[in-house]
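One structure is given here, and the rest of the page talks about it.
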Amino acid sequence: MDFTHVDGDSHIAVTLFSLSTCGHCRRTKTFLEEKGIAYDYIDVDCLSGGETFTGGVYDLVKSYNPQGSFPTIVIGGEKTGDRW
Amino acid sequence: MITRFDIERKYLEIKQQAEPSGYHLNPDEDFAKELVHGILINEERYGFATCPCRLSVGPREDNIDIICPCDYRDQDIIDYGVCYCALYVSTGVAAGTTPVSCIPDRRPPLGELVSKETDNAKPSVLPEKQGLPFPVYRCRVCGYLCARTSPPRRPVRYAVPHRIGLRSILNKPVHILRHGRRWTFSKLCS
Ligand code: SF4
Chain A
58 MDFTHVDGDS HIAVTLFSLS TCGHCRRTKT FLEEKGIAYD YIDVDCLSGG
108 ETFTGGVYDL VKSYNPQGSF PTIVIGGEKT GDRW
Chain B
17 MITRFDIERK YLEIKQQAEP SGYHLNPDED FAKELVHGIL INEERYGFAT
67 CPCRLSVGPR EDNIDIICPC DYRDQDIIDY GVCYCALYVS TGVAAGTTPV
117 SCIPDRRPPL GELVSKETDN AKPSVLPEKQ GLPFPVYRCR VCGYLCARTS
167 PPRRPVRYAV PHRIGLRSIL NKPVHILRHG RRWTFSKLCS
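Protein sequences, first through last, are from chains A and B.
Residues in the first sequence are numbered consecutively from 58, following the working numbering.
Residues in the second sequence are numbered consecutively from 17, following the working numbering.
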């Protein structure tokens, strides 16, 4: 799972599961950048089917947000690198 | 490659279809055009223009409910003033007189979706919620709306040539009503 890192204030881990085509996801990224918050994101629609399903990213999204909708933001917890 | 002109053209096309039917596009034009761009990306990527704010997986049949405008649009506009993506908004939201609140996705998560056969059995707007005399059904192919006690005849998405006898419309989605033993076109959908 390749997350893209955006630099900023990293005292709390912020992970964003987004869709590259979604307006709300884009605005969430802009918001985090404007606030200078470091975050890691993954555009789930740009992954291959294998990476998304069967124990992949989509199950992870649903473990945080049972609705499985986008954007899903995970605030706090362990840093992306340690968690996955 | 999707150009700025493609986005402008599609935006105008959607706007021109929406407004005469009483729908409004988001007054934030840049935001609306970003969503239109997303729809065009999906059309290029999957071959059908699915919702930019939802994950499309599998063939067209599995995504028929989220081909824009999606099945959830009308009820979302009534309940929340916007569709899930906020491309379509209510008159109040368009005029800036109604505030917009959070909107949950009413589509069930992937994996919990029931069969999305192209029948029109599920009403798009429920009468008891809106104080309407009849439920409103929307054709999943052409967007045709009707208010009646029971769903209209199932739209046939692909004309069957030997029954219809019109090869020119082969593979074009067609809304067909059956009257007795005769098939009649009620609407040709693009
Ligand atoms: S939520 Fe809005 S933009 Fe998304 S498919 Fe439905 S009508 Fe289209």
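Ideal Cβ placement from N, Cα and C applies to all residues, glycine included.
(request) Label E50(B) either buried or exposed according to how many other C-beta atoms from any shown protein chain fall within 10 Å of its C-beta, with 16 as the threshold for buried. (result) Indexing the second sequence from 1 puts residue 50(B) at position 34. Buried: at least 16 other Cβ atoms inside 10 Å.
(request) Compute the beta-carbon to beta-carbon distance between D100(A) and S77(A), rounded to the nearest angstrom, for a pair I have assumed lies under 8 angstroms. (result) Residue mapping note: residue 100(A) aligns to position 43 of the first sequence, counting from 1. Residue mapping note: residue 77(A) aligns to position 20 of the first sequence, counting from 1. With a beta-carbon spacing of about 4 angstroms, D100(A) and S77(A) fall inside the 8 angstroms limit used to define contacts.
(request) Measuring from each Cβ to the nearest heavy atom of ligand 1, keep the ones under 5 angstroms and list them in chain order. (result) Neighbourhood of ligand 1, defined by CB distance below 5 angstroms to any of its heavy atoms: C67(B), C84(B), P85(B), C86(B), R89(B), C99(B), Y100(B), C101(B), L103(B), in chain order.
(request) Could you name the residues of chain A that N79(B) contacts, counting a contact when the two beta carbons are closer than 8 angstroms? (result) As a first step, residue 79(B) is located in the second sequence; it is residue number 63 there, counting from the start. Within 8 angstroms Cβ-Cβ: nothing; N79(B) doesn't reach chain A, min ~12 angstroms.
(message) Going by DSSP, what residue range makes up the alpha helix (DSSP H) through Y115(A)?
(response) The sequence position of residue 115(A) within the first sequence is 58, counting from 1. Segment 114-121, the alpha helix (DSSP H) holding Y115(A).
(request) Mind listing the chain A neighbours of P120(B)? Cutoff is C-beta to C-beta under 9 angstroms, in chain order. (result) The residue you call residue 120(B) lines up with position 104 of the second sequence. Near P120(B) (Cβ distances below 9 angstroms), the residues of chain A are Q124, S126.
(request) Please determine if the region 81-97 of chain B and the region 82-92 of chain A are in contact, where contact requires at least 3 C-beta pairs separated by less than 8 angstroms. (result) Touching, no, given that fewer than three Cβ pairs across the two stretches are closer than 8 angstroms.
(message) Determine, for Y115(A), whether the minimum Cβ-Cβ distance to residues of chain B falls below 8 angstroms.
(response) Looking up residue 115(A) in the first sequence gives position 58. With 8 angstroms as the cut-off, Y115(A) counts as an interface residue toward chain B.
(request) Could you please give me the residues that DSSP links to S75(A) through a beta bridge? (result) Taking the first residue of the first sequence as position 1, residue 75(A) is located at position 18. According to DSSP, which records beta bridges pairwise, S75(A) is partnered with D100(A).
(message) Here's the rule I'm using: 16 or more other beta-carbon atoms within 10 Å means buried, otherwise exposed. How should H68(A) be labelled?
(response) Residue numbering aside, residue 68(A) sits at position 11 when the first sequence is read from its first letter. Answer is exposed; the Cβ neighbour count stays below 16.
(request) Using beta-carbon positions only, say whether A95(A) and G133(A) come within less than 8 angstroms of one another. (result) Counting from one through the first sequence, the residue named residue 95(A) turns up at place 38. Counting from one through the first sequence, the residue named residue 133(A) turns up at place 76. Between A95(A) and G133(A), the C-beta gap is not smaller than 8 angstroms, which leaves the two residues out of contact.
(message) What are the residues in the region 47-63 of chain B lying within 7 angstroms of chain A by C-beta distance?
(response) Within the region 47-63 of chain B, the qualifying residues are F47, E50, L51, G54, I57, N58.
(request) Using a Cβ-Cβ cut-off of 8 angstroms, state whether P68(B) counts as contacting chain A. (result) Position 52 of the second sequence, counting from 1, holds the residue named residue 68(B). Yes, its Cβ sits closer than 8 angstroms to a Cβ of chain A.
(request) Might you give, ordered along the chain, the residues of its own chain that have their beta carbon closer than 8 angstroms to the beta carbon of G125(A), omitting 5 neighbours on each side? (result) Here residue 125(A) is taken as the residue at index 68 of the first sequence, counted from 1. For G125(A), where only same-chain residues beyond five positions count, the Cβ hits under 8 angstroms are Y115, V118, K119.
(message) Please return the same chain residues whose Cβ sits closer than 8 angstroms to the Cβ of G63(B), not counting the five positions on each side in sequence.
(response) Along the second sequence, read from residue 1 onward, the residue named residue 63(B) stands at position 47. So the list reads R76, once near-sequence residues are dropped.
(request) State the Cα-Cα distance for the pair V52(B) and R20(B), rounded to the nearest angstrom. (result) Looking up residue 52(B) in the second sequence gives position 36. Looking up residue 20(B) in the second sequence gives position 4. Taken atom to atom, the span from the alpha-carbon of V52(B) to that of R20(B) is near 11 angstroms.
(request) Note down the Cα distance separating R173(B) from V63(A), rounded to an integer number of angstroms. (result) Within the second sequence, residue 173(B) is the residue found at index 157, counting from 1. Within the first sequence, residue 63(A) is the residue found at index 6, counting from 1. The predicted model places R173(B) with a pLDDT of 46, which falls under 50 and marks its position as unreliable; any figure quoted below should be read in that light. As the crow flies, the alpha-carbon of R173(B) is around 45 angstroms from that of V63(A).
(request) Find the residues of chain A that neighbour V115(B), judging by a C-beta separation of less than 9 angstroms, and give them in chain order. (result) Mapped onto the second sequence, residue 115(B) falls at position 99. Note on residue identity: the sequence assigns Pro, not Val, to residue 115(B). What P115(B) touches in chain A: nothing, since even the nearest Cβ is about 17 angstroms away.
(message) On the DSSP bridge list, what partners appear for I82(B)?
(response) Here residue 82(B) corresponds to residue number 66 of the second sequence, with the count starting at 1. In DSSP, I82(B) forms no bridge with anything.
(message) Helix, strand or coil for L41(B)? Go by DSSP, reduced to three states.
(response) The residue given as residue 41(B) occupies position 25 in the second sequence. Correct three-state label for L41(B): strand.
(message) Can you give me the C-alpha to C-alpha distance between T85(A) and T129(A), rounded to a whole angstrom?
(response) Along the first sequence, read from residue 1 onward, the residue named residue 85(A) stands at position 28. Along the first sequence, read from residue 1 onward, the residue named residue 129(A) stands at position 72. So the alpha carbons of these two residues sit roughly 10 angstroms apart.
(request) Name, please, each residue of chain B whose Cβ falls closer than 7 angstroms to the Cβ of D102(A). (result) In the first sequence, the residue the question calls residue 102(A) occupies position 45. Below the 7 angstroms Cβ cutoff, chain B contributes L71 as neighbours of D102(A), in chain order.
(request) Starting from P125(B), find everything on chain A with Cβ-Cβ shorter than 8 angstroms and list it in chain order. (result) Position 109 of the second sequence holds residue 125(B). Those are K119, P123, Q124, G125, S126, listed as they occur along chain A.
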